[in-house]
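Residue numbers (this note's numbering), protein chains in the order written: chain Y, 1 to 286; chain C, 287 to 630. The C-beta atom is built at its ideal place from N, Cα and C for all residues, glycine as well. The structure appears right after this line, and notes come after that.
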């Protein structure tokens, strides 16, 4: 048991020894803690008028207020929470679909592969705005979960293609032949032989999916099809844009949400880069 | 001779397979962009008619007559499958129909009016960011394991994760709201007429500067990261190690590595150029810049079926074509890809 635990903990400690990984993990932890504890420590309602309109940052309103007298800091704190939630949910959905489609396509080959590759191609150029508008027309309001679902089911094709090509090269290895000769089923070979070999790769990809989903949320919000229930970082930017905050110089309204979004997304990419260096001996810094 | 013939045959099979799947993907895409807008509740004609009613003060009788005529004009009284077949046939004939929200302008005319501005923004932005991104990425790889590389990589990472539109907002705030160096938006000043005169070009460039800059800064990071990792991969490969043991000068080896590393980046550039026709939706929104993104936005918000279809038809066509051309070029350059396809 102790041996097994060691096997898991040792690589983790190794990752932490890379400066890039350490810095990005610290930033991410800080943001997550702020997102979880923030709304409790600073219990101001982000969606109701709690002060005078368009006040710059002051002691009473640390990040100022917006056109409707709502507290921007409260919005940002709640926004971090839902943006992280959307990123995580959408990332997991895309991860599940992408890995499944990619590995089945790569392992089966033949007609199954062709059909699935066609599916991947179609989703590649699928206009997610159109899907968002369609679904938006049938629901009362768009919750973070709904937005996460839509981002999740439109952002997996990239991963599927990568998993497919990885499986294509892995399945020619001897240990896979051994399993085949032993009579293992295709699913069992994928789950027990192929996927564990790409775990680090898939994890790195998941980190990037997370960042991508959070940025997509902001993008959808900016087009006007973001969440209508709750506050996300993207929707704050949308409100600021809609109220012309940029041209009127209300910098406290649109700089903090964007900056936090960039901080989260770039530390995720930094983490992924560090992991790549750690797992890929060719890139390791001696 | 025989060998050569076999090579051509395998190339032909490979390409026809690729072409088949490209066409199939395009067909499914056409079906989606036909169906999905029609599943969205709402009648695009209602908006047009209410406008007509307000402007012309026509009596209800005339409006009803108009509605009937328009239903016929847009073939919305026909069953859905008939509309669909008509749409497919007309698309392949190159007829994109007439816009509803900007009746009676042809869709192709609207696209032709807005496309030059999108190209004027995205073509230079993509190429400039590609060139600088590759150079900076190669520099970082060249200076690997030094402080320069660390700083550059961090900057690349942050830039690549910064949304264009947020950069656009920052630039607008700094250079248009705070310091009034550039205009706050639009494509050209009100009252100007697009022409090839010096005063118009200067005015246009002033309006172009901030959107262009926001896209260039936002895109450089991604290109640079790609180039850096490609270079590092090349530097670790056998031929570089061999050249090093031969004692070739460092600069020369790097130039070899650069040449191999740039290949995938060219593919990336081609894909990127393939999506240009869609415009930069949010950037165009933020700057109120007249382009394909705004056209699509207006089409979507007024549920203008022909205009939605028209913009997507062209966008997807260039994208599919770009991927197909990349596949084709790659199979010509790298025979392994062809034979791999033959084997399966």
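Checklist line | Which listed residue (C:304, C:353, C:415, C:297) has its alpha carbon closest to that of residue 554 of chain C | finding: The residue labelled residue 554 of chain C in the question sits at position 268 within the second chain. Ranking C:304, C:353, C:415, C:297 by Cα distance to residue 554 of chain C puts C:415 first.
Margin query: Contact criterion: CB-CB distance below 8 angstroms. Does residue 247 of chain Y meet it with respect to chain C?
Written below: Residue 247 of chain Y sits at position 247 when you count from the first residue of the first chain. Closer than 8 angstroms: yes.
Next item on the list: Have a look at residue 133 of chain Y and residue 382 of chain C and give me their C-alpha separation to the nearest angstrom.
Entry: Here residue 133 of chain Y is taken as the residue at index 133 of the first chain, counted from 1. Here residue 382 of chain C is taken as the residue at index 96 of the second chain, counted from 1. So the two alpha carbons sit approximately 22 angstroms from each other.
Notebook entry, point to check: Is the Cβ of residue 57 of chain Y closer than 8 angstroms to any Cβ of chain C?
Noted result: Locating residue 57 of chain Y in the first chain gives position 57, where the first residue counts as 1. Answer no: the Cβ-Cβ gap between residue 57 of chain Y and chain C never drops below 8 angstroms.
Note to self: Rounded to the nearest angstrom, what separates residue 453 of chain C and residue 245 of chain Y at their Cα positions?
What the structure shows: Within the second chain, residue 453 of chain C is the residue found at index 167, counting from 1. Within the first chain, residue 245 of chain Y is the residue found at index 245, counting from 1. Taking the straight line from one Cα to the other gives about 14 angstroms.
Check: What do you get for residue 10 of chain Y, buried or exposed, if any count of 16 or more other CB atoms within 10 angstroms of its CB means buried?
Finding: On the first chain, residue 10 of chain Y is found 10 positions in, with the first residue counted as 1. Note on residue 10 of chain Y: under 16 other CB atoms within 10 angstroms of its CB, so exposed under the neighbour-count rule.
Notebook entry, point to check: So residue 225 of chain Y packs on residue 125 of chain Y, CB below 8 angstroms; how close in whole Å?
Noted result: Sequence index remark: in the first chain, residue 225 of chain Y carries index 225 (1-based). Sequence index remark: in the first chain, residue 125 of chain Y carries index 125 (1-based). Your pair residue 225 of chain Y and residue 125 of chain Y does not check out as a contact, with CB atoms roughly 19 angstroms apart and the cut at 8 angstroms.
Checklist line | Inside the segment 550–594 of chain C only - alpha helix (DSSP H) runs reaching at least 4 residues | finding: Taken in chain order, the unbroken stretches of alpha helix (DSSP H) that lie wholly in the segment 550–594 of chain C and span 4 residues or more are 567–573, 578–587.
Notebook entry, point to check: For the segment 493–557 of chain C, which segments carrying the alpha helix (DSSP H) assignment without a break, of at least 4 residues, lie completely within its bounds, in sequence order?
Noted result: 524–532, all fully within the segment 493–557 of chain C.
Check: Leaving out five residues before and five after residue 240 of chain Y in sequence, what residues of the same chain have Cβ atoms less than 6 angstroms from its Cβ?
Finding: The residue you call residue 240 of chain Y lines up with position 240 of the first chain. Once the five neighbours on either side are set aside, the close Cβ partners of residue 240 of chain Y are 253, 254.
Next item on the list: Could you tell me whether the segment 589–605 of chain C touches the segment 394–407 of chain C, using the rule of 3 or more Cβ pairs below 8 angstroms?
Entry: Enough Cβ pairs lie closer than 8 angstroms, so yes.
Margin query: For a quick check, are the C-beta atoms of residue 323 of chain C and residue 589 of chain C less than 8 angstroms apart?
Written below: Mapped onto the second chain, residue 323 of chain C falls at position 37. Mapped onto the second chain, residue 589 of chain C falls at position 303. In contact: residue 323 of chain C and residue 589 of chain C (Cβ atoms closer than 8 angstroms).
Next item on the list: Give a yes or no on whether the C-beta atoms belonging to residue 220 of chain Y and residue 234 of chain Y are separated by under 8 angstroms.
Entry: In the first chain, counting from the first residue as 1, residue 220 of chain Y sits at position 220. In the first chain, counting from the first residue as 1, residue 234 of chain Y sits at position 234. Contact: yes.
Next item on the list: Have a look at C:341, C:336, C:360, C:361 and flag the residue whose alpha-carbon is nearest the alpha-carbon of residue 350 of chain C.
Entry: The residue given as residue 350 of chain C occupies position 64 in the second chain. For residue 350 of chain C, the nearest C-alpha among the options comes from C:336.
Notebook entry, point to check: Which residues bound the alpha helix (DSSP H) around residue 273 of chain Y?
Noted result: Start at 1 with the first residue of the first chain, and residue 273 of chain Y comes out as number 273. Where residue 273 of chain Y is concerned, the enclosing alpha helix (DSSP H) stretches over 251–279.
Check: Expressed to the nearest angstrom, what Euclidean distance is found between the alpha-carbon atoms of residue 587 of chain C and residue 580 of chain C?
Finding: Against the second chain, residue 587 of chain C aligns to sequence position 301. Against the second chain, residue 580 of chain C aligns to sequence position 294. Looking at the two C-alpha atoms, the distance is approximately 10 angstroms.
Notebook entry, point to check: In whole angstroms, what is the alpha-carbon distance linking residue 406 of chain C and residue 495 of chain C?
Noted result: Reading the second chain from its first residue, position 120 is the one you call residue 406 of chain C. Reading the second chain from its first residue, position 209 is the one you call residue 495 of chain C. When rounded, the distance between both Cα atoms is 11 angstroms.
Item checked: Partners in chain Y for residue 475 of chain C, counting only beta-carbon separations shorter than 8 angstroms -> In the second chain, counting from the first residue as 1, residue 475 of chain C sits at position 189. What residue 475 of chain C touches in chain Y, judged by beta-carbon distance under 8 angstroms, is nothing: the nearest beta carbon there is about 16 angstroms away.
Margin query: So for residue 630 of chain C, helix, strand or coil by DSSP?
Written below: Position 344 of the second chain, counted from the first residue, corresponds to residue 630 of chain C. No answer about residue 630 of chain C holds up, because its pLDDT of 35 lies below 50 and its placement is not dependable.
Next item on the list: Determine which residues of the segment 522–546 of chain C have a Cβ less than 8 angstroms from any Cβ of chain Y, and write them out in chain order.
Entry: Along the segment 522–546 of chain C, the positions whose C-beta sits under 8 angstroms from a C-beta of chain Y are 522, read in chain order.
Note to self: Going by DSSP, what residue range makes up the alpha helix (DSSP H) through residue 354 of chain C?
What the structure shows: Along the second chain, one-based indexing puts residue 354 of chain C at 68. From DSSP, the alpha helix (DSSP H) with residue 354 of chain C extends over 346–359.
Item checked: Nearest to residue 24 of chain Y (by Cα), restricted to the options Y:272, Y:109, Y:201 -> For the purposes of this step, residue 24 of chain Y is taken as residue 24 along the first chain, with counting starting at 1. Ranking Y:272, Y:109, Y:201 by Cα distance to residue 24 of chain Y puts Y:272 first.
Next item on the list: Please state whether DSSP places residue 244 of chain Y in a helix, a strand or coil.
Entry: Your numbering for residue 244 of chain Y matches position 244 in the first chain. Residue 244 of chain Y sits in coil when the DSSP states are folded into three classes, being neither helix nor strand.
Notebook entry, point to check: What is the DSSP secondary structure of residue 31 of chain Y, reduced to helix, strand or coil?
Noted result: As a first step, residue 31 of chain Y must be located in the first chain, where it is residue number 31. Of the three classes helix, strand and coil, the one that applies to residue 31 of chain Y here is helix, per DSSP.
Item checked: Exposed unless 16 or more other CB atoms sit within 10 angstroms - verdict on residue 520 of chain C -> On the second chain, position 234 is the one that residue 520 of chain C refers to. Of the other Cβ atoms in all chains shown, 16 or more fall within 10 Å of the Cβ of residue 520 of chain C; this residue is therefore buried.
Item checked: Residues near residue 38 of chain Y by beta carbon distance below 6 angstroms, same chain, minus five either side -> Within the first chain, numbered from 1, the residue matching residue 38 of chain Y stands at position 38. Around residue 38 of chain Y: 77.
Next item on the list: Flag this pair as touching only if the segment 541–558 of chain C and the segment 444–461 of chain C have three or more C-beta atom pairs under 8 angstroms; answer yes or no.
Entry: Inter-segment contact for the segment 541–558 of chain C and the segment 444–461 of chain C is absent: fewer than three beta-carbon pairs are separated by less than 8 angstroms.
Next item on the list: Identify the continuous alpha helix (DSSP H) that holds residue 390 of chain C and give its terminal residues.
Entry: As a position in the second chain, residue 390 of chain C is number 104, starting the count at 1. In the DSSP annotation of this structure, residue 390 of chain C is not part of any alpha helix (DSSP H), being labelled neither H nor E.
Notebook entry, point to check: Is any beta-carbon of chain C found at less than 8 angstroms from that of residue 160 of chain Y?
Noted result: Mapped onto the first chain, residue 160 of chain Y falls at position 160. Judged by the 8 angstroms Cβ criterion, residue 160 of chain Y is not in contact with chain C.
Next item on the list: Kindly list the residues whose CB is nearer than 8 angstroms to the CB of residue 366 of chain C, restricted to its own chain and excluding five residues on each side of it in sequence; keep chain order.
Entry: The residue labelled residue 366 of chain C in the question sits at position 80 within the second chain. Result list for residue 366 of chain C: 324, in chain order.
Next item on the list: Evaluate residue 629 of chain C with the Cβ neighbour count: other Cβ atoms within 10 Å of its Cβ, from every protein chain shown; 16 or more gives buried, anything less gives exposed.
Entry: One-based indexing of the second chain puts residue 629 of chain C at position 343. Confidence at residue 629 of chain C is low in this model, with a pLDDT of 39, below 50, so its placement is unreliable and the value that follows should be read with caution. By the Cβ-count criterion, residue 629 of chain C is exposed, with fewer than 16 other Cβ atoms from all chains shown falling within 10 Å of its own Cβ.
Note to self: With a threshold of 8 angstroms between beta-carbons, can residue 464 of chain C be considered close to chain Y, or not?
What the structure shows: Start at 1 with the first residue of the second chain, and residue 464 of chain C comes out as number 178. Flagged as an interface residue toward chain Y: residue 464 of chain C, by a C-beta distance shorter than 8 angstroms.
Margin query: Can you check whether the C-beta of residue 127 of chain Y is within less than 8 angstroms of a C-beta belonging to chain C?
Written below: As a first step, residue 127 of chain Y is located in the first chain; it is residue number 127 there, counting from the start. So yes, residue 127 of chain Y belongs to the interface.
Margin query: Give me the subset of the segment 601–621 of chain C whose CB atoms are less than 7 angstroms from a CB atom of chain Y, sorted by chain position.
Written below: Taken in chain order, the members of the segment 601–621 of chain C whose beta-carbon sits within less than 7 angstroms of a beta-carbon on chain Y are 602, 605.
Checklist line | Spatial distance of residue 473 of chain C from residue 576 of chain C (CA atoms) | finding: For the purposes of this step, residue 473 of chain C is identified with residue 187 of the second chain, where counting begins at 1. For the purposes of this step, residue 576 of chain C is identified with residue 290 of the second chain, where counting begins at 1. Cα to Cα, residue 473 of chain C sits roughly 6 angstroms from residue 576 of chain C.
Next item on the list: Return the residue from the list C:492, C:485, C:486 that minimises the CA-CA distance to residue 466 of chain C.
Entry: Taking the first residue of the second chain as position 1, residue 466 of chain C is located at position 180. Nearest of C:492, C:485, C:486 to residue 466 of chain C, Cα basis: C:492.
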